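Those letters in the sequence shown? Residues 38 to 520, per my numbering, in order.
This report concerns only the one structure given below.
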Amino acid sequence: EFLGAVGEELWWTEPRPREGGRRALMRCPGDGRPPVSVLPAPWNVRNRVIEYGGLPWAGAPRTTGGPLIVFTHFADQRLYALQPDAPHAEPYPLTPLSQLTAGGLRWCDPVVLPERGEVWCVLEEFTGEGPTELRRLLAAVPLDGSAAGDRSRVRELTGDEDRFVTGPRLSLNGRHLAWLAWDHPAMPWDGTRVMTARITDEGALTGARRIAGGPEESVAQAEFAADGSLLIASDADGWWNLQRIDAEAVEAAISGGAGQETEAPRVALCPREEEFAGAAWKIGQRWFAPLAAGPVAALHGRGAQRLGVLDPETGELVDAAGPWTEWAPSLAVVDSRVVGIAASPRTSYEIVELDTRTGHTVVLAAPHKDHVDPAYYPEPQIRTFTGPDGRDVHAHVYPPHHPDHTGPGGEAPPYVVWVHGGPTSRSPLVLDLEIAYFTSRGIGVAEVNYGGSTGYGREYRNRLRRQWGVVDVEDCAAVARAL
């Protein structure tokens, strides 16, 4: 989870079930050496921002001394810095402990800025004992550790008027900042605002204002491209599609003054009835990533998402080769290479690299291992059933399968219907040995992506609004009856 690039290196977090479930921080040097775990137990690279947690680490390359890494530690929720190539490297704290409640200062989605001597990130601060007594904002933390015992050393970049915010995204020239904001009772898949501001020479923000999004428009991600334009994944047209706001429009919007609400003009890059993003359950998920040369690596699809490379000038989208049917919202870019986390109905999640110059894909790390004979793996079917009022209901159907046995001729097999949590989630099309347990014993499994699930457009997602326990139950029953 949370894959990223630091110069030519790749870093990510990885669960350690045998070590109490801690999240290890992994480093892949990129020179042929195998990945290594950087921090020993009990270091646990994870946080509790919005309780689900968000991007817990970031890094920056340096000309000498190796990279500088910043991460959150789950036990105390503090930010720490680490220079892994320094002699006797040990993490040192950057942020203080909360004086009000344990873990009451939380941080996520960091961006390390060595030239400013700071890390910019989301701050979640509890102001009382109640679960709603808190504030969230963008903050700048000194990299020298001076704020570890002094809360006043943390610079607050934004106010706390927004209940929810994502981390900062800086333009390549360091002049502009973008982030997402939304407020209760909206979820991020209901409505978000794209905020922009100018960064002063002193590192303050000025001219902050909304440039896109609204109460009935969800923007799931925003990133600056190399040319200064702002790329967003917006569902304004009913599907999370990629759009571009040119650099001139960004500058004009910010110059219009703080608090103004004029919409910036946008260009649709690849309009399709497909999703190029998903529900922002965690802060810091990444469904697309601009490359320096201009193309954009993008996850897209109906239901399962695959990796493609988009030419933003022509709208041409070319998919990566390989067996992977599901890519996690965690993309990293190293020069012309795109790296992601991908799986298939016959493989678990692996770290996969696409060379955009050659089109070749290769597994870089965490390769799949068969813990049972793959002859027992079921073959899923992607099905669309008809629900009440003729509406579509999407599902994955796994018929019973055993390499040495078949059911009696003419007899229908039993099925169990699985319902994902969420509700605005989706069952991924990936290998699941729990499903294989049932199917290898003659019991089929139907995973229902009922109305309300992500992956099938805003209208499908909104079916469950004020219909919880109604639409989802009806859709599961429709699949059961059809089977």
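Every residue gets a Cβ at the ideal spot worked out from N, C-alpha and C, and that includes glycine.
Nothing here was measured: the structure is a model prediction, and the numbers come from that model.
Candidates the options: closest to residue i by CA position
{"i": "P77", "options": "G96, E56, R85 and D68", "result": "E56"}
{"i": "G240", "options": "D113, D272, E155 and P460", "result": "E155"}
{"i": "A334", "options": "E170, A357 and E312", "result": "A357"}
{"i": "G396", "options": "P415, S373, A402 and Q418", "result": "S373"}
{"i": "V82", "options": "T50, P121 and D181", "result": "T50"}
{"i": "S1", "options": "G340, L150, E152 and I291", "result": "As shown, the chain starts at 38 and ends at 520. That puts residue 1 outside it, with no answer to give."}
{"i": "P151", "options": "I87, Y413, A177 and V453", "result": "A177"}
{"i": "G293", "options": "A270, P450 and R235", "result": "R235"}
{"i": "E390", "options": "G331, E170, A369 and R383", "result": "A369"}
{"i": "I472", "options": "R383, N499 and R495", "result": "R383"}
{"i": "A317", "options": "Y452, G204 and G167", "result": "G204"}
{"i": "Y129", "options": "V159, Y452, L160 and L180", "result": "L180"}
{"i": "A330", "options": "V346, Q322, Q342 and K319", "result": "V346"}
{"i": "E198", "options": "R172, R190 and A185", "result": "R172"}
{"i": "V191", "options": "W144, Q342, T243 and M63", "result": "W144"}
{"i": "V231", "options": "L105, T237, W216 and G244", "result": "W216"}
{"i": "A284", "options": "D426, V304 and D274", "result": "V304"}
{"i": "A290", "options": "D274, E311, G321 and A249", "result": "A249"}
{"i": "G244", "options": "L116, V409 and E288", "result": "E288"}
{"i": "A380", "options": "D512, L468 and Y413", "result": "L468"}
{"i": "R186", "options": "A412, D227 and L142", "result": "Correcting the residue type first, residue 186 is Gly in the shown sequence and not Arg. Closest option to G186, Cα to Cα, is L142."}
{"i": "G459", "options": "P54, I282, Q120 and Y487", "result": "Y487"}
{"i": "Q342", "options": "E311, G321 and K319", "result": "E311"}
{"i": "L466", "options": "A365, V409, E511 and P445", "result": "A365"}
{"i": "C158", "options": "H125, V355 and Y117", "result": "Y117"}
{"i": "R115", "options": "G182, T423, D426 and G489", "result": "G182"}
{"i": "K319", "options": "P225, G359, P252 and L242", "result": "P225"}
Counted within 10 angstroms of its Cβ, other Cβ atoms place residue i as buried (16 or more) or exposed
{"i": "W219", "result": "buried"}
{"i": "L137", "result": "exposed"}
{"i": "P222", "result": "exposed"}
{"i": "W505", "result": "exposed"}
{"i": "Q280", "result": "buried"}
{"i": "T491", "result": "buried"}
{"i": "R246", "result": "buried"}
{"i": "V162", "result": "The question names Val, but residue 162 is Glu in the sequence shown. By the 10 Å Cβ count, E162 comes out buried."}
{"i": "L470", "result": "exposed"}
{"i": "K406", "result": "exposed"}
{"i": "H442", "result": "exposed"}
{"i": "A449", "result": "exposed"}
{"i": "R502", "result": "exposed"}
{"i": "R518", "result": "exposed"}
{"i": "H110", "result": "buried"}
{"i": "H213", "result": "buried"}
{"i": "R70", "result": "exposed"}
{"i": "I269", "result": "buried"}
{"i": "T398", "result": "buried"}
{"i": "E363", "result": "buried"}
{"i": "Q418", "result": "exposed"}
{"i": "V43", "result": "buried"}
{"i": "P104", "result": "buried"}
{"i": "A123", "result": "exposed"}
{"i": "T233", "result": "buried"}
{"i": "T229", "result": "buried"}
{"i": "A515", "result": "buried"}
{"i": "R394", "result": "exposed"}
Presumed contact (8 Å Cβ cut-off) between residue i and residue j, rounded CB distance
{"i": "S464", "j": "H433", "result": "6 Å"}
{"i": "V107", "j": "P79", "result": "Incorrect: roughly 19 Å between the Cβ atoms, too far for contact."}
{"i": "G140", "j": "L174", "result": "With a Cβ gap of about 18 Å, G140 and L174 do not count as contacting."}
{"i": "A61", "j": "S74", "result": "5 Å"}
{"i": "G377", "j": "S367", "result": "6 Å"}
{"i": "F313", "j": "L344", "result": "Not really, about 11 Å apart at Cβ, beyond 8 Å."}
{"i": "V256", "j": "S266", "result": "Wrong, their Cβ atoms sit about 15 Å apart, outside the cutoff."}
{"i": "V430", "j": "V456", "result": "With 8 Å as the limit, V430 and V456 do not qualify as a contact, their Cβ atoms being about 12 Å apart."}
{"i": "E387", "j": "P415", "result": "The pair is not a contact, with the Cβ atoms about 20 Å apart (cut-off 8 Å)."}
{"i": "E46", "j": "C65", "result": "6 Å"}
{"i": "V508", "j": "R498", "result": "About 11 Å; that fails the 8 Å criterion."}
{"i": "F475", "j": "V453", "result": "6 Å"}
{"i": "R495", "j": "G275", "result": "5 Å"}
{"i": "P308", "j": "A286", "result": "So it is not a contact: roughly 19 Å between Cβ atoms."}
Proximity test, residue i beta-carbon vs the ligand COA heavy atom, cut-off 8 Å
{"i": "A78", "result": "In the structure shown, the ligand COA is absent, as is every other ligand, since no ligand is present at all."}
Kindly provide the ranges of any alpha helix (DSSP H) runs that are 4 or more residues long and lie completely inside the region 248-308, ordered along the chain.
-> 284-292
Kindly provide the ranges of any beta strand (DSSP E) runs that are 3 or more residues long and lie completely inside the region 360-406, ordered along the chain.
-> 369-371, 374-381, 384-392 and 398-402
List in chain order: all unbroken alpha helix (DSSP H) runs of 4+ residues lying wholly within the region 116-146.
-> none
Which residue spans inside the region 443-480 form an unbroken alpha helix (DSSP H) run of at least 4?
-> 470-476
If you pair each beta-carbon of the region 334-351 with each one of the region 434-441, do three or more pairs fall below 8 Å?
-> no
Do the region 479-490 and the region 321-329 meet, that is, are 3 or more Cβ pairs less than 8 Å apart?
-> no
At a cut of 8 Å, does the region 255-264 reach the region 195-212 through at least three beta carbon pairs?
-> yes
Sufficient close CB pairs (3 or more, under 8 Å) joining the region 88-98 to the region 125-135 | no
Whole runs of the beta strand (DSSP E) within the region 337-363, excluding any shorter than 3 residues = 343-347 and 354-356
What beta strand (DSSP E) runs, 3 residues minimum, are completely inside the region 47-112?
-> 59-65, 94-97 and 105-109
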